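Participant: So the sequence lines, in the order shown, correspond to chains Y and B.
Take 212 as the starting number for the first sequence in the numbering used here and just add one per residue.
Take 2 as the starting number for the second sequence in the numbering used here and just add one per residue.
Glycine included, each C-beta is placed from N, C-alpha and C at the ideal position.
The structure presented is a predicted model; accordingly, all values stated were derived computationally and were not measured.
Take a look at this one; I'll ask things after.
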Amino acid sequence: MSDLADLYQQVILDHNKRPRNRGRLPTANRVAHGDNPTCGDQCNVYLRLDGDRIAEISFDGSGCAISQASASLMTTQLKGRTAAEAAKLYESFHHIVTTGQAPDEISDLAAFAGVHAFPARIKCATLGWHAALNALKGDAAAATTETHND
Amino acid sequence: MPSWSNVRADFPALNQNVGGKPLVYLDNAATTQRPQAVIDALDRFYRHDNANVHRGLHALSMRATDAYEGARARVAKFLNAAAPEEIVFTRGTTESINLVAGSWATANLRPGDAILLTEAEHHSNLVPWQLAAKRTGASLRFVPVLGDEGRLDLAALDRLLTKEVKLFAFTHVSNTLGTINPAAELCAKARKVGAISVVDAAQSVGHLPLDVRALGCDFLAFSGHKRGGPTGIGGLYGRRELLDAMPPWQGGGGMINHVDWQESRWKPSPERHEAGTPNIADAIALGAACDYLDALGRDKIAAHDRELAELAYERLSRLPGIRLLGPARGRSSLVSFAFSDIHAHDIVTFADEDGVALRGGHHCNQPLMRKLGLTGTTRASFYVYNTAQEIEVLAASLERILRFFR
Ligand SMILES: Cc1ncc(COP(=O)(O)O)c(C=O)c1O
């Protein structure tokens, strides 16, 4: 049970059961879609950018507890950040899920350290992040073409 | 001689622990385990008879050729084909369907023609037809499946099966729902409008007694690895006059009578459709798998698998919030289910910790999942070595998972 208990931390179960910032953001000026074709997980990330800063963020989609909790937790971490800060935070997150090691200043995201023992699930944990970074990169028009309505 | 009383001992891979628990292997619809007899056949070939087929005049090549052609005759008998020449060895179901789509469909379909499929097809009985439709200008039609039970809408079938339909390809047993389609009836309906029938037997070949002449099909595609045989080998049954009239789909050695600079002439089937050195060892081992299954008795295998599947359906239906797919009774050897609050991949990860091997996801059936409003299901699939007690282990594991997530 120890590896699994590490994977499904309380924080993750909580975000899976009670996702934060879930649903389409009516005021979004950026949106991007992420999908994981091997397992069918899907994630849309909606942003309202105010200049370079993420003023509001939400997500929707479907997938396993890891992907949904990760997207939910991510929205709580990215709100108020600039694009550069978001990219840096993703780097830390990626380090956590691939090595299992979390730097001291990172708190909630460290809940995903257990993912590193399940290499097949790293893609689940990073799905929402990929969508968010794409949304930050693209302009609204380009991001819309990445949204399939399926 | 295999016997039901110690069938588990015939499958060496079953005898292991996973994470400290005895392996409960319930991913047989993806691939089954192999009996020792099949492993021995591979070993024997490579140790004693290994040589290329058809071209050699030395002792080993003749032995290899005899064994390879013997395997073809064995498979023909297994399916009750009229002659060994009606069996083309391929890599498996996917390649067999691509062969028909690449050769027969390309040569025979034109704009205005239709290819009829069902909504429950595996991607390997869908995407090759999409490619063929693009190449030929034919269109695709789909027989709907009804509700979670997944039976074919036979009234809709009668409306869709018009004279434009030149080919009707359908799965015998759905790998996602466990539904058994009335294959003989479907082939007869196709024949009535002059359409060719293609049966995807990936999920039925090792589970139900199969007789291509009783089914009345024109083509039937199957894989070795879903019925105790090796990976990388399977076959296409085709009625002889169809196979002999079809152009080659691949060119190379072994399939020609005469080659010149600009043109060549082909051998008849099956060599015409087997360009290059075939998968000799695995074909021979597939023959051994036929022996193994026939010794157990195909009727008995079908009864065993159905019993387990119905038992599992009944047992799992007691789990709160479960949505079970496919019919309750008369189903094939698998159960497929979903919970609205727990994702299939989380279930599979947890069950693995109990030593239970399951599969979760869309099962290569994305459009059907979308129609059912699901992103995936969890599937437990059974074979000759599974037991009622293993279903209890599965149910206990699922109960633990429900407690954990709820
Ligand atoms: C119904 C069905 N058709 C086709 C296939 C493809 O078989 P293979 O991958 O052996 O070619 C499968 C395998 O999962 C299947 O279940």
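#1: By Cβ distance below 6 Å, which residues in the same chain neighbour N227(Y) in space, the five residues on each side in sequence not counted?
#2: Note down, in chain order, all residues in the stretch 255-277 of chain Y with a beta-carbon under 8 Å from any beta-carbon belonging to chain B.
#3: Quick one: which unbroken beta strand (DSSP E) runs of 3-plus residues sit fully inside the stretch 151-209 of chain B? Chain order, please.
#4: Could you list the residues in the stretch 318-332 of chain Y with a C-beta less than 8 Å from some C-beta on chain B, going in chain order?
#5: Tell me where the alpha helix (DSSP H) around T337(Y) begins and ends.
#6: Determine, for E354(B), whether the minimum Cβ-Cβ distance to residues of chain Y falls below 8 Å.
#7: Interface residues of chain B around G201(Y) at Cβ under 8 Å?
#8: Can you give me the Cβ contacts of P314(Y) inside the same chain, cut-off strictly under 7 Å, excluding the 5 residues immediately before and after it?
#9: If you measure from the CB of D295(B), is any heavy atom of ligand 1 nearer than 7 Å?
#10: Report all residues from its chain with a CB closer than 8 Å to the CB of N240(Y); omit the five preceding and five following residues, and keep chain order.
#11: Just to check, is the beta-carbon of G272(Y) closer than 7 Å to a non-hydrogen atom of ligand 1?
#12: Helix, strand or coil, according to DSSP, for E267(Y) in the structure here?
#13: Does the beta-carbon of Q204(B), which I'm using as the reference point, lie nearer than 7 Å to any heavy atom of ligand 1?
#14: Which term fits S224(B), buried or exposed, when burial requires 16 or more other beta carbons within 10 angstroms of its beta carbon?
#15: For the stretch 213-224 of chain Y, enumerate the residues whose C-beta is nearer than 9 Å to any C-beta of chain B, in chain order.
#16: Please look up how many angstroms separate the CB atoms of R332(B) and I181(B), rounded, as I've assumed it's under 8 Å.
#17: Is it the case that the CB of S333(B) approaches a heavy atom of ligand 3 more closely than 7 Å?
#18: By Cβ distance, which residues of its chain are closer than 7 Å to D271(Y), with the 5 residues on each side in sequence left out?
#19: Measure the beta-carbon distance from Y386(B) to R9(B) and round it to whole angstroms, keeping in mind my assumption that it falls under 8 Å.
#20: Among the candidates W105(B), P129(B), I116(B), whose CA atom is the shortest distance from the CA of L162(B)?
#21: If contacts are defined as beta-carbon pairs under 8 Å, then P249(B) and A276(B) qualify, I think. What distance do you get, rounded to the angstrom?
#22: If we count Cβ pairs, one from each stretch, closer than 8 Å, do we get three or more for the stretch 226-236 of chain B versus the stretch 127-140 of chain B?
#23: I need the straight-line Cα distance from D306(B) to A290(B), nearest angstrom please.
#24: Taking 8 Å as the threshold (beta carbon to beta carbon), is T350(B) in contact with chain Y?
#25: Since F338(B) sits in a beta bridge, which residues does DSSP pair it with?
#26: Hey, does D28(B) have any beta-carbon neighbour from chain Y nearer than 8 Å?
#27: Taking the alpha-carbon of R142(B) as reference, which of A170(B), D355(B), G151(B), G148(B) has the nearest alpha-carbon?
#28: Tell me which residues share the same chain as D300(B) and place their Cβ nearer than 8 Å to its Cβ, disregarding the 5 neighbours each side in the sequence.
#29: Which full runs of the alpha helix (DSSP H) of 4+ residues lie inside the stretch 282-325 of chain Y, going along the chain?
#30: Measuring CB to CB, does C218(B) end up less than 8 Å from S198(B)?
#31: Have a look at A243(Y) and F323(Y) and give me their C-alpha separation to the nearest angstrom.
#32: Kindly indicate the opening and closing residues of the alpha helix (DSSP H) around Y69(B).
#33: Per the DSSP calculation, T91(B) is bridged to which residue(s)?
#34: With a threshold of 7 Å, establish whether the CB of T172(B) neighbours any heavy atom of ligand 1.
#35: Compare the C-beta of H123(B) with all C-beta atoms of chain Y and state if any pair is closer than 8 Å.
#36: 8 Å is my cut-off, CB to CB: does T355(Y) come that close to chain B?
Facilitator: According to the data block:
#1: On the first sequence, residue 227(Y) is found 16 positions in, with the first residue counted as 1. Around N227(Y): A276, Q279, A280.
#2: S273, G274, C275, A276, I277
#3: 166-172, 197-201
#4: F329, R332
#5: Taking the first residue of the first sequence as position 1, residue 337(Y) is located at position 126. Secondary structure note for T337(Y): its alpha helix (DSSP H) is the uninterrupted segment 333-348.
#6: Taking the first residue of the second sequence as 1, we reach residue 354(B) at position 353. Yes, E354(B) lies at the interface with chain Y (some Cβ there is under 8 Å from its Cβ).
#7: Nothing can be reported for residue 201(Y): it is not among the residues displayed for chain Y, which extend from 212 to 361.
#8: Here residue 314(Y) corresponds to residue number 103 of the first sequence, with the count starting at 1. Counting only Cβ-Cβ distances below 7 Å, and skipping sequence neighbours, we find S303.
#9: Working through the second sequence from its first residue, we reach residue 295(B) at position 294. Flag unset: Cβ of D295(B) not near ligand 1.
#10: Taking the first sequence and counting its residues from 1, one reaches residue 240(Y) at position 29. Only L258, R259, L260, A351 meet the Cβ criterion.
#11: In the first sequence, the residue the question calls residue 272(Y) occupies position 61. Checking the Cβ of G272(Y) against ligand 1 gives no.
#12: Here residue 267(Y) refers to the residue found at position 56 of the first sequence. The answer is strand: DSSP assigns E267(Y) an E or B state.
#13: Residue numbering aside, residue 204(B) sits at position 203 when the second sequence is read from its first letter. True, at least one ligand heavy atom lies under 7 Å from that Cβ.
#14: Within the second sequence, residue 224(B) is the residue found at index 223, counting from 1. The residue in question, S224(B), is buried, as its Cβ has 16 or more Cβ neighbours within 10 Å.
#15: Listed by position, the residues of the stretch 213-224 of chain Y near chain B (Cβ gap below 9 Å) are D214, L215, L218, Y219, L224.
#16: Start at 1 with the first residue of the second sequence, and residue 332(B) comes out as number 331. Start at 1 with the first residue of the second sequence, and residue 181(B) comes out as number 180. Contact flag correct, Cβ pair sits at about 7 Å.
#17: As for ligand 3, it is missing from this structure, which binds only ligand 1.
#18: On the first sequence, residue 271(Y) is found 60 positions in, with the first residue counted as 1. The answer, listed in chain order, is R233, G234, R235, N255.
#19: Numbered from 1 along the second sequence, position 385 holds the residue referred to as residue 386(B). Numbered from 1 along the second sequence, position 8 holds the residue referred to as residue 9(B). Contact holds; Cβ gap of about 5 Å.
#20: Mapped onto the second sequence, residue 162(B) falls at position 161. Nearest of W105(B), P129(B), I116(B) to L162(B), Cα basis: I116(B).
#21: Position 248 of the second sequence, counting from 1, holds the residue named residue 249(B). Position 275 of the second sequence, counting from 1, holds the residue named residue 276(B). Going by Cβ atoms, the distance from P249(B) to A276(B) rounds to 7 Å, so yes, they are a contact pair.
#22: no
#23: Walking along the second sequence from the start, residue 306(B) turns up at place 305. Walking along the second sequence from the start, residue 290(B) turns up at place 289. Computed Cα separation, rounded: 17 Å.
#24: If you number the second sequence from 1, residue 350(B) lands on position 349. For T350(B), the answer is yes, since a Cβ of chain Y falls inside 8 Å of its Cβ.
#25: Here residue 338(B) refers to the residue found at position 337 of the second sequence. In DSSP, F338(B) forms a bridge with L325(B), T379(B).
#26: If you number the second sequence from 1, residue 28(B) lands on position 27. By the rule that beta-carbons nearer than 8 Å mark a contact, D28(B) does not touch chain Y.
#27: Reading the second sequence from its first residue, position 141 is the one you call residue 142(B). Ranking A170(B), D355(B), G151(B), G148(B) by Cα distance to R142(B) puts A170(B) first.
#28: Here the question's residue 300(B) lines up with position 299 in the second sequence. Same-chain partners within the cutoff: P210.
#29: Listed in chain order, the alpha helix (DSSP H) runs fully inside the stretch 282-325 of chain Y are 294-310, counting runs of at least 4 residues.
#30: As a first step, residue 218(B) is located in the second sequence; it is residue number 217 there, counting from the start. As a first step, residue 198(B) is located in the second sequence; it is residue number 197 there, counting from the start. Against a cut-off of 8 Å, the Cβ pair of S198(B) and C218(B) comes out as a contact.
#31: Counting from 1 along the first sequence, the entry for residue 243(Y) is found at position 32. Counting from 1 along the first sequence, the entry for residue 323(Y) is found at position 112. Taking the straight line joining both Cα atoms gives about 23 Å.
#32: Translated into positions along the second sequence, residue 69(B) becomes position 68. Unbroken alpha helix (DSSP H) run through Y69(B): 60-79.
#33: For the purposes of this step, residue 91(B) is identified with residue 90 of the second sequence, where counting begins at 1. Answer is G235(B).
#34: Position 171 of the second sequence, counted from the start, is the residue given in the question as residue 172(B). Yes - ligand 1 has a heavy atom lying nearer than 7 Å to the Cβ of T172(B).
#35: Indexing the second sequence from 1 puts residue 123(B) at position 122. Output row for H123(B): interface = no.
#36: In the first sequence, counting from the first residue as 1, residue 355(Y) sits at position 144. Confidence at T355(Y) is low in this model, with a pLDDT of 36, below 50, so the placement of that residue should be treated as unreliable; the coordinate-derived value is given next. For T355(Y), the answer is no, since every Cβ of chain B falls outside 8 Å of its Cβ.
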